[in-house]
Structures are given as C-alpha cells and as structure tokens.
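Worksheet: one structure, shown below.
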Amino acid sequence: RPPGITSAVKDPSPGWLEGFHLVEPLIVGMGKGLIKAFPGSEKSLIDTVPVDYVVSLILTACATLSDADKPYVYQIGTSHTNPITLSEISKIWRSYFQKYPMKTDRGKPVEVKPIKFYKSPESFNQKIQWQYLYPLMIAEKVLMRLQFAKGSKWYRNMIGWVIKSRKKAERVCRFSDLYSAYTMNSWIFMTDNSMALFQKLSLSDQVSFDFDTSKLDWKKFWHEIHIPGMKKYVLK
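Here our numbering is used: the first residue of the sequence shown is 16, the next is one more, and so on.
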C-alpha cells in the first residue's frame, strides 16, 4: 500500500502527476502566502512516495506471486527507509519558493515566511476564525447593505476583495480539518518485504523497476522534480 502518492521520479517523465489532491494544495498555499501557520507537530513524519515507485513495486510483486507459498504484504513508503519530518519538508518547500517565488495578482513576488505550527486544529481554526473569517463576514454583510454605493468602482473593488479574502480563510480552515490528522501524528509503514524483494532483482531490473525509497534525495526531489512537475502538469 502506498502512503501519499507524489509525482514520478522517472517514468513516464520526471515530475509527471495528475490531480491536485494531497500535498499540492499545501505547497501552493505556502507558495501563494495563503498558509502562514498550520496545525501540526514539527516532528511528525510525512510519508509520501513517487507514483512510479508504486507501479514498479506492483509489477515486481505480481511477477513473483506464482513463486510464493503464502501471501505476502508489500508496503511502500518512506517513513521506514527515508523519513522526513513536517519541519524539514516545510523548510524545503519554503527554500524553493524563496528561489522561485510565485507572483501576486499584480505580478509581485510573494514573500514566503516560516510556517508557525499550532498544537491542535481547534486552536488554529479559532485563530483564523476570530482574526480573519468573522471580521470579513461582518464586513461583507455591512457592504451588502450599502445600496447607494453598489454601482461605484471602489465598492466593487472592496466587496470583491472581502469575498475573496473570506473564501481564502474558509479554505485554510478546510485544509486544517483535512490535513491535521497527517500533520499531528506519525505512522511508520514497514517495508521489509518490499526491500527484500527489491534486493532479489538483477541490477538491470533494479534500474528499470526502481522502488528503493531509501535513495531519494528529498531536497532534489521537491526542488527539481515534484514542484516543477506540479507547475507543468497541474497548474497549467
């Protein structure tokens, strides 16, 4: 079983992925300056694995089924062989956007600050709600009552900004509810069977069907493969 699936290291092409599901919303949220704080433990292990590694393990395991006298469970992940913490991965993402910043609507580079981690999703959501969401909701209701100003340019700009900001705050709270189970906890998925299977492959097959997660260079993977691939294949 895979943990969170990320982009391909090699096949069908480096950085290839489809969908905007797991870490992609968090990466983009950080890059756009939307996520400046989040519930999570800095020591939590973030277990992700490239999609082509998953496919390589499935193909290799299927090829050996006829030789097995009992069923085997093959897991693939990185928490066992190549662990990386929430603190480490957030620093890698931030360093990427410091080098290649995303742009604001006005074309200015977004400054990405270190993420502040909260000890619970409840405390984080409460902060977002009281500091941003509730004031924006009140402002929106007040603006809606200003019938005399609805045709003016300043009104359109103001109500547009308030609604957009309110939706951003709501989105951050949804991210918190969705991802806090992963950022607040750590699980280690043992991959002994999978690594033993990999060692049985010939050297040429190890190259063709690589799923040795212990050799992944995390900074290189995120900086040179996943985030560029996300921009190319998803953020079109």
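Don't be surprised by glycine CBs; every beta carbon is placed ideally from N, CA and C.
Going by beta-carbon coordinates alone, are residue i and residue j separated by less than 9 Å?
{"i": "ILE50", "j": "ILE104", "result": "no"}
{"i": "LYS58", "j": "THR96", "result": "no"}
{"i": "SER102", "j": "PHE139", "result": "no"}
{"i": "PHE190", "j": "PHE53", "result": "yes"}
{"i": "PRO252", "j": "GLY46", "result": "No answer is possible for residue 252: it lies beyond the span of the chain, which begins at 16 and ends at 251."}
{"i": "GLY253", "j": "ARG186", "result": "This structure does not reach residue 253, given that the chain is present from 16 up to 251, and the question cannot be answered."}
{"i": "ILE143", "j": "ALA76", "result": "no"}
{"i": "ILE107", "j": "TRP233", "result": "yes"}
{"i": "GLU236", "j": "PRO65", "result": "It is Phe, not Glu, that sits at residue 236 in the sequence shown. Yes. Within cutoff."}
{"i": "GLY48", "j": "VAL125", "result": "yes"}
{"i": "VAL127", "j": "GLN113", "result": "yes"}
{"i": "TYR194", "j": "LEU41", "result": "yes"}
Please return the same chain residues whose Cβ sits closer than 7 Å to the Cβ of residue i, not counting the five positions on each side in sequence.
{"i": "PRO243", "result": "GLY30"}
{"i": "PHE35", "result": "VAL249"}
{"i": "ASN200", "result": "SER59"}
Return the chain-ordered list of same chain residues with a C-beta closer than 8 Å to the C-beta of residue i, the five sequence neighbours on each side being excluded.
{"i": "LEU37", "result": "GLY19, ILE20, THR21, THR63"}
What did DSSP end up calling residue i once you bin it into helix, strand or coil?
{"i": "PRO87", "result": "A quick correction: the sequence has Tyr, not Pro, at residue 87. Residue state, collapsed to three classes: coil."}
{"i": "VAL157", "result": "helix"}
{"i": "THR198", "result": "helix"}
{"i": "LYS128", "result": "coil"}
{"i": "LYS118", "result": "strand"}
{"i": "LEU60", "result": "strand"}
{"i": "ASP220", "result": "helix"}
{"i": "HIS238", "result": "helix"}
{"i": "ASP232", "result": "coil"}
{"i": "VAL24", "result": "coil"}
With residue i as the anchor, note down where its alpha helix (DSSP H) starts and where it stops.
{"i": "LYS142", "result": "136-143"}
{"i": "PHE1", "result": "Because the chain here runs from 16 to 251, residue 1 falls outside it and cannot be looked at."}
{"i": "ILE107", "result": "101-114"}
{"i": "SER167", "result": "Premise fails: SER167 is in no alpha helix (DSSP H) and is neither H nor E."}
{"i": "LYS247", "result": "242-248"}
{"i": "PRO40", "result": "39-46"}
For residue i, collect the residues of the same chain with a Cβ closer than 6 Å to its Cβ; drop the 5 residues on either side in sequence, then sort them by chain order.
{"i": "SER180", "result": "LEU151"}
Provide the residue span of the beta strand (DSSP E) that contains residue i, from first to last.
{"i": "TYR133", "result": "131-133"}
{"i": "PRO98", "result": "No beta strand (DSSP E) holds PRO98; DSSP gives it neither H nor E."}
{"i": "ILE203", "result": "Taken as a continuous stretch (DSSP letters only), ILE203 belongs to no beta strand (DSSP E), as it is neither H nor E."}
{"i": "THR75", "result": "No beta strand (DSSP E) holds THR75; the alpha helix (DSSP H) holding it covers 66-78."}
{"i": "ILE20", "result": "19-21"}
Query raised in the report: For the 8 Å Cβ check, are there 3 or more pairs between the stretch 68-80 and the stretch 224-235?
Result: yes
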